[in-house]
Amino acid sequence: MRRIVLKAYAKINWALDVLGKRSDGYHEVRMVMQSIDLWDMVSLVEKENGISIVCNMNGIPVDETNTAYRAAALIKERFGIEKGLEIELQKRIPIAAGMAGGSADAAAVLVGLNRMWGLNLQDGDLMALASFIGSDVPFCLVGGTALAGGRGEEITALSPVKGIWLVLVTPEQRISTAEVYGRLNLSRISVKPDIASMVNSLQRRDLEGIARNMINVLEGVTAELCPWIDVVKSDIMGQGAIGCCMSGSGPTVYGLFGDEGAARKAYAALRHRYPQCYVAQTTGLGVQVMEEAF
């Protein structure tokens, strides 16, 4: 029985700008994205036929609407694979939180099936498949630190920035990405991120510079839907964060800390107040193979 187990890493956005609406209905974005060492464990087990999903977390779809399912179905269709697949998702990345948990799972499925079924797909081939599944899936394949353009699928890898410590809080309220973008009024945006300055600060590991450039133009829209965001930001900053920002379309908020000790102290203070509170550091990985048996 063929089996492979992979870690699928979450992401944050160091900076997120929206340039305008495209003719295809999507928005043109410019982002700096970063993998962090908060992960889902994705296990793929070959079976006779069909695709099934087993998940440890309530609220996760286990049908064809799941991005991991869609990734497996796409591989089977494109390459005429008759064998089936069971996907086991051990979720740790919160749902609908702006951290690309579903996209990370899909990226892990692409990587895993390429190895398990000996497809010999190159990076460009995998990226093309990833773009077909969802906007964040290409970054989740690449991982590390990267610029993203287009609708998010145009990825330019940067030197990975590792070992920067963060504390993350996800409010209980779930947020629809489509609703956030639907409510976005670019004429109301007065402060935009300086993407070039953020990249420069990251490459120099200038934490103060990173903090100054941590701007997400979606944050105001999401805060109207989830007022807890402003409360969470205030609480994280009150624990000594250098800077604080929302990731993606939210509602996850992360704080930047100077070292592990400061981050863990803040986490210890916040975790009793917020059930979905995490301490993490930046990593250079998007997907990591943990076990395989072919």
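Position 199 (the sequence shown) corresponds to 198 in numbering that gives the first Met the number 0; numbering is contiguous. Cβ coordinates follow ideal geometry from the N, Cα and C atoms, glycine included. These figures come from a predicted structure and were not determined experimentally.
Measuring CA to CA, which of Leu118, His26, Leu73 and Leu18 is closest to Gly181?
The residue given as residue 181 occupies position 182 in the sequence shown. The residue with the shortest Cα to Cα distance from Gly181 is His26.
Alpha carbons only, please: which of Arg204, Ile188, Gly239 and Val231 is nearest the one belonging to Val216?
Taking the sequence shown and counting its residues from 1, one reaches residue 216 at position 217. Of the listed residues, the one whose Cα sits closest to Val216 is Ile188.
From the DSSP output, in three-state form, read off Tyr277 for me.
On the sequence shown, position 278 is the one that residue 277 refers to. Residue state, collapsed to three classes: strand.
Kindly give me the distance between the Cβ atoms of Val41 and Leu5, rounded to whole angstroms, as I take these residues to be in contact under 8 Å.
Reading the sequence shown from its first residue, position 42 is the one you call residue 41. Reading the sequence shown from its first residue, position 6 is the one you call residue 5. So it is a contact: roughly 5 Å between Cβ atoms.
Are there three or more Cβ pairs, one per stretch, closer than 8 Å when the segment 108 to 122 is compared with the segment 161 to 179?
These segments do not touch.
Could you spell out the range, first to last residue, of the beta strand (DSSP E) harbouring Lys6?
To locate residue 6, count along the sequence shown from 1; it is residue 7. Arg2 to Lys20 is the extent of the beta strand (DSSP E) around Lys6.
Output the distance between the C-alpha atoms of Asn65 and Gly208, rounded to the nearest integer angstrom.
Within the sequence shown, the letter at position 66 stands for residue 65. Within the sequence shown, the letter at position 209 stands for residue 208. Roughly 38 Å between the two C-alpha positions.
Answer with buried or exposed for Ala177, where buried requires no fewer than 16 other C-beta atoms within 10 angstroms of its C-beta.
Here the question's residue 177 lines up with position 178 in the sequence shown. That one is exposed.
Could you compute how far the alpha carbon of Leu118 sits from the alpha carbon of Leu43?
The residue given as residue 118 occupies position 119 in the sequence shown. The residue given as residue 43 occupies position 44 in the sequence shown. Taking the straight line joining both Cα atoms gives about 15 Å.
Can you round the beta-carbon distance between Lys90 and Gly283 to whole angstroms, since I take them to be within the 8 Å contact cut?
Taking the first residue of the sequence shown as position 1, residue 90 is located at position 91. Taking the first residue of the sequence shown as position 1, residue 283 is located at position 284. The pair is not a contact, with the Cβ atoms about 23 Å apart (cut-off 8 Å).
Under the rule that 16 or more other beta-carbon atoms within 10 Å means buried, what is Glu171, buried or exposed?
Taking the first residue of the sequence shown as 1, we reach residue 171 at position 172. When all chains shown are included, Glu171 counts as exposed.
Can you give me the C-alpha to C-alpha distance between Ala71 and Gly143, rounded to a whole angstrom?
On the sequence shown, residue 71 is found 72 positions in, with the first residue counted as 1. On the sequence shown, residue 143 is found 144 positions in, with the first residue counted as 1. Each residue's alpha carbon lies about 24 Å from the other.
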